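Engineer: Sending over a structure as structure tokens; questions will come in a sec.
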Amino acid sequence: EGARVITRLMWLALLLASARGLAVPPHAARLPRPRVARMRTTAMLSVEPASARAVDVAVIGGGPAGYAMAAALSSAHTVVLVDPEPERAWTNNYGAWREEWQALATKLQMPELMSQCIATEWQVTDCYFGGSFGTPFEQRTRLERPYLQVDRVALKALLQRKMSEADGRCTMLKAKLDASTIAPNLFDANLVHDAAGSVLTLSTGTTVRAKLVVDATGFESRLVRREDLANGALKKELPPGYQIAYGFCCCTRSRHDPYAPEAMTLFDYRTDHFEADDAWLKDAVARPSFMYAMPQGEQPDGTWRCFFEETSLVGRGDRRLQFGELKRRAARRLEHLGIEVVPGSVEEEEFCYIPMGGALPDLTQRVIAVGGAAATVHPATGYQVCRMLASTATLAAAISSELSRADFEADAASAAAYASLWPRWFRYQRDFQVFGGEFLSLQPVENLRGFFSAFFQLDTQVWAGFLAGWPGLPGNEYHEVWHRRLLFGVGIFVRFPPQVALALMLYAVQFTLEYGTTLLRSFATPLFATDVGPPEGFRAERAAARAVYVEGDAAAKREIRQMLGAVVGDGEEGASA
């Protein structure tokens, strides 16, 4: 103890000398540093100010997923919605099949989705796959299935109104949460978990204590960790692909034929507008894009209004198209079709960037992901709005159930929420979708035209179910069970042109050899576990797993006590371990 005191006095003398500008002797660097008692950082950080706002759930993110979650949860629980720009309009154009939108209105118990949130509706949907396998360029495929454009302004207003009608249970905070995950359930700043929940320090200085945190900040979230390769049955990383699109709304001098005003054009994969330019045609064949057109009707001045979007379905690396190239392709396509854009009429320019596929969230983390952060975007099509809104209903129900428990425990609650969102049987359905997206991302335009021509020859509910691909949406029953997926695969395979069928077979083998069993388990699901929700004894198992790190091996400790008790004689106090 005396040596420790002397060492501290020497360090004090050195500090005083340094402060006065005196020379510090070289041997000072070799002095032993005093041992200082360290505070437990986690415990210190988890103590929030007395002024902290206490709520059941903190929802982070100002997009449709965040607003939908806040609206759903605030019907029964206190919620804080953290949105850095609550006054900002949502800029993306959302399209949906009418049947899916109707199903959502029922699932979310929001009839206003049908009565207030539809901007434009078309009773039929058109596609153009001509130019391959003997199909003429001008041949049209008409789908007798209505499509609609979501009124995004009305949708945001509806969700805001739902929150305002929650008897004060929902609070909007104009702020950001500047935090990044650095390890499982550990963040670099401003977000700390403890036994009771989580403490968030926002950019405004406001502190929020929440039992649960929901992350709705999008696919590239800094709050959510992704699961490891083993959970995804992958041998190596399978990064996301990207749907890139350039779109704009404009007026045309005459009717925008061949895009019929009564139809929404979902796919125009033709390439005849490039035939005069060999280099451009070669790139368009190798890296395909399609036109997506939403006619808005004739205007009072005799012009026709339409939203056009040139889209790369999914790509990665060298196969990902650039926005500038898509803009050039759109202009060339319209010029070739004789569609003249009125000068100065272009508005609502859209730069669409949608990550697709990739890893799911780590289902053991405390932060609960929703929307893009939860990887709900369809990995093969890019459809997201209906899937995202459907997922909020599922998550909100699971979270509400957990918050209502007398024995609420944050870790178990987040695990139950993830189990409801991504049960294993649905993960297997997603595996098949991921494979589909990977296959489509590598195909030249002729194979894509052959693929989709065969796809839309299937029964409507079968192809519709694949495009939706989410529990509770129309047609998903044709894909959520392994043998239904097998029937779907066989049904489309026999309709493929031989070139497309061969490409699919070869890629299925390549994909399995390269990435592992993720595709096999989508078809051979009985060989894998198929739990639907939290397994029996779920909470007890989690509690036991955590207790190991606190209590250790209780049997070993009892044995120590017994043996020590035998050594200590009668009349002496036994030792404890």
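So the sequence shown is residues -21 to -1, 1 to 556, counted in mature numbering (1 follows the signal peptide of the UniProt record, and there is no 0). All C-beta atoms in this analysis are idealised placements derived from N, C-alpha and C, irrespective of residue type, glycine included. Since the model is a prediction, treat every value here as computed from it, not as a measurement.
Considering only the beta carbon of each residue, do T150 and V59 sit closer than 8 Å?
Structural biologist: It is a contact, given that the beta carbons lie within the stated cut-off.
Engineer: Classify C96 as helix, strand or coil using the three-state DSSP reduction.
Structural biologist: coil
Engineer: Taking DSSP's pairing of strands, which residues face T244 in a bridge?
Structural biologist: T244 is bridged to D105, A272.
Engineer: Please classify P322: is it buried, with 16 or more other beta-carbons within 10 angstroms of its beta-carbon, or exposed?
Structural biologist: exposed
Engineer: Among the candidates M243, T186, W449, whose CA atom is the shortest distance from the CA of F411?
Structural biologist: W449
Engineer: V178: which of R266, V38, V479, K261 sits nearest, CA to CA?
Structural biologist: V38
Engineer: When you compare the segment 119 to 131 with the segment 256 to 268, are there three or more beta-carbon pairs, one atom per stretch, that lie closer than 8 Å?
Structural biologist: Contact between the segment 119 to 131 and the segment 256 to 268 is absent: fewer than three C-beta pairs spanning the two stretches fall below 8 Å.
Engineer: Hey, would you say K306 sits closer than 8 Å to Y225, going by beta carbons?
Structural biologist: If you check the CB distance, K306 and Y225 come in under 8 Å.
Engineer: By Cβ distance below 8 Å, which residues in the same chain neighbour T114 in space, the five residues on each side in sequence not counted?
Structural biologist: So the list reads F108, R428, S432, once near-sequence residues are dropped.
Engineer: Which residue or residues does DSSP assign as beta-bridge partners of Y277?
Structural biologist: Looking at the sequence shown, residue 277 is not Tyr but Glu. Paired residues: W283.
Engineer: Could you tell me the distance, in whole angstroms, from the CA atom of W404 to the CA atom of Q422?
Structural biologist: 29 Å
Engineer: Buried or exposed for D386, please, with buried defined as at least 16 other CB atoms from any protein chain shown within 10 angstroms of its CB.
Structural biologist: exposed
Engineer: I'd like the span of the beta strand (DSSP E) that includes E329, first residue to last.
Structural biologist: 326 to 335
Engineer: Contact between the segment 432 to 448 and the segment 472 to 484: three or more CB pairs below 8 Å?
Structural biologist: yes
Engineer: Could you compute how far the alpha carbon of A375 sits from the alpha carbon of S233?
Structural biologist: 48 Å
Engineer: Where do the ends of the beta strand (DSSP E) carrying Y494 lie?
Structural biologist: Where Y494 is concerned, there is no enclosing beta strand (DSSP E), although the alpha helix (DSSP H) it sits in stretches over 477 to 494.
Engineer: Tell me whether K190 sits in a helix, a strand or coil according to DSSP, three-state version.
Structural biologist: strand
Engineer: Can you look up F116 in the DSSP assignment and give me helix, strand or coil?
Structural biologist: coil
Engineer: Considering only C-alpha positions, which residue in the set V61, H315, N72 is nearest to C228?
Structural biologist: N72
Engineer: Unbroken alpha helix (DSSP H) runs of length 4 or more, entirely within the segment 112 to 175: which are they?
Structural biologist: 131 to 143
Engineer: Please classify H462 as buried or exposed, where buried requires at least 16 neighbouring CB atoms within 10 angstroms.
Structural biologist: exposed
Engineer: Hey, could you find the ends of the beta strand (DSSP E) D35 is sitting in?
Structural biologist: Counting along the chain, the beta strand (DSSP E) containing D35 begins and ends at 32 to 39.
Engineer: Could you check how far apart the C-beta atoms of F269 and F302 are, in whole angstroms? I think they sit under 8 Å.
Structural biologist: At roughly 15 Å, the Cβ-Cβ gap does not stay under 8 Å, so F269 and F302 are not in contact.
Engineer: Kindly indicate the opening and closing residues of the beta strand (DSSP E) around G220.
Structural biologist: 220 to 231
Engineer: Straight-line CA distance for A55 to Y46?
Structural biologist: 15 Å
Engineer: Taking the DSSP output, what are the residues bridged to T68?
Structural biologist: The question names Thr, but residue 68 is Ala in the sequence shown. The partner list for A68 (beta bridge, DSSP) is empty, contrary to what the question assumes.
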